[in-house]
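Structure, as structure tokens:
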Amino acid sequence: MQYICTASIPPHLNSLCRVALKFNSKPVPTMYTHESALKTLFNLRDSLVMQTTQITELQTQATTKGLALYNLGEFTQSQPYLTIGATVGNRDAQYALGEVFRRRANGLTDDAKKWYGLAAAQKHVYALMRLGDADSLKKARELAQAEADKGNADAMLELYELDQNIATLKKAADAGSMEAQYILAIKYDADKNLITDSIEREAAIDALLKKAAEGGLSRAITWYANRPPSIGICLSGVNGWKNVYSSMMSMRC
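Taking this note's numbering, the leading residue of the sequence shown gets 20, the next gets one more, and so forth.
The following block contains the structure:
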């Protein structure tokens, strides 16, 4: 509001008017327009954005490589890459790094607990399982059940890991979890009582491994490729089969 102090203002308000005028007449800041300085600042900004993007890409690449090595069982080689991903907050890298420390020490070390804890804080179900206390296990079940109710196959597998119920494992396998398919094949192979008929059992194992192998699960590919043919199940000609695996599968046909 702009105040104009004139003689028409009563004397007892005139001083207040002048104070108000003083506070409302501060100079408006002007924009800095020195062209060369602005150009330097904008170039610096663009450079920082580019460097930040490059760093993010490198972090992503390191995390991806670390998880790939971890999944191949190359725990020692995976550690430096996982450390990068875990440090910037990737929960899968945090869990995997915790696993590296646990496997190396053959027990739950402080380092393992630290990384499990960070992953668990981001609702990583397997990290919660590894922590193992009552509150963590309760939280793990709640998270897994909520996703399983939505039809999430991986969450169904998480529930199986919690209750070890073979029916839950079958649900996860039927829903499309490659890991569940592979584990169920192991269960059928190890416990003949689950499917007493040998032909039916071998056919079920082949079918499970076939699905998991087609999904790209390396352990299933290796096992399936090295199993003797049982009932003539063969992957050649299957639509969508990846060429990289064709030579491994040829021995099955």
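Just so it is clear, CB atoms sit at the ideal spot from N, CA and C, and this is done for glycine as well.
Only a predicted model underlies this, so the values are computations on that prediction, with no experimental measurement involved.
Same chain, Cβ closer than 8 Å to Asn212, neighbours up to 5 away in sequence not counted: One-based indexing of the sequence shown puts residue 212 at position 193. Once the five neighbours on either side are set aside, Asn212 has no close Cβ partner at all.
Inter-residue spacing [alpha-carbon to alpha-carbon] between Arg149 and Tyr135: Here the question's residue 149 lines up with position 130 in the sequence shown. Here the question's residue 135 lines up with position 116 in the sequence shown. Using only the alpha carbons, I get a separation of about 7 Å.
When Ile214, Tyr201 and Thr215 are compared against Tyr243, the one with the closest alpha-carbon: Taking the first residue of the sequence shown as position 1, residue 243 is located at position 224. Here the closest residue by C-alpha is Tyr201.
Own chain partners of Met175 with C-beta closer than 6 Å, once the 5 adjacent residues on each side are dropped: Within the sequence shown, numbered from 1, the residue matching residue 175 stands at position 156. Same-chain partners within the cutoff: Ala167, Lys190, Ala191 and Ala194.
Whether Gln98 touches Leu116 by CB criterion (8 Å): As a working mapping, residue 98 is identified with position 79 in the sequence shown. As a working mapping, residue 116 is identified with position 97 in the sequence shown. Yes. Within cutoff.
Alpha helix (DSSP H) segment containing Ala172, residue limits: For the purposes of this step, residue 172 is taken as residue 153 along the sequence shown, with counting starting at 1. Run containing Ala172: Ala172 to Asp182, per the alpha helix (DSSP H) assignment.
Backbone secondary structure at Thr247 - three-state DSSP: Position 228 of the sequence shown holds residue 247. The sequence shown places Pro at residue 247, not Thr. The answer is coil: DSSP assigns Pro247 none of H, G, I, E or B.
Local conformation of Thr95 per DSSP, three classes: Locating residue 95 in the sequence shown gives position 76, counting from the first residue. Thr95: helix per DSSP, three-state reduction.
Met268 - DSSP class collapsed to helix/strand/coil: For this step, residue 268 is matched to residue 249 along the sequence shown. Low local confidence applies: a pLDDT of 47 at Met268 is under 50, so the model's placement there is unreliable, with the coordinate-based value given in what follows. Three-state result, Met268: helix.
Residues of its chain near Val263, where Cβ-Cβ distance is below 8 Å and the 5 sequence neighbours each way are ignored: Your numbering for residue 263 matches position 244 in the sequence shown. With a pLDDT of 40 at Val263, under the threshold of 50, the predicted position of this residue should be treated as unreliable, and no value is reported.
Alpha helix (DSSP H) segment containing Val144, residue limits: On the sequence shown, residue 144 is found 125 positions in, with the first residue counted as 1. From DSSP, the alpha helix (DSSP H) with Val144 extends over Val144 to Leu150.
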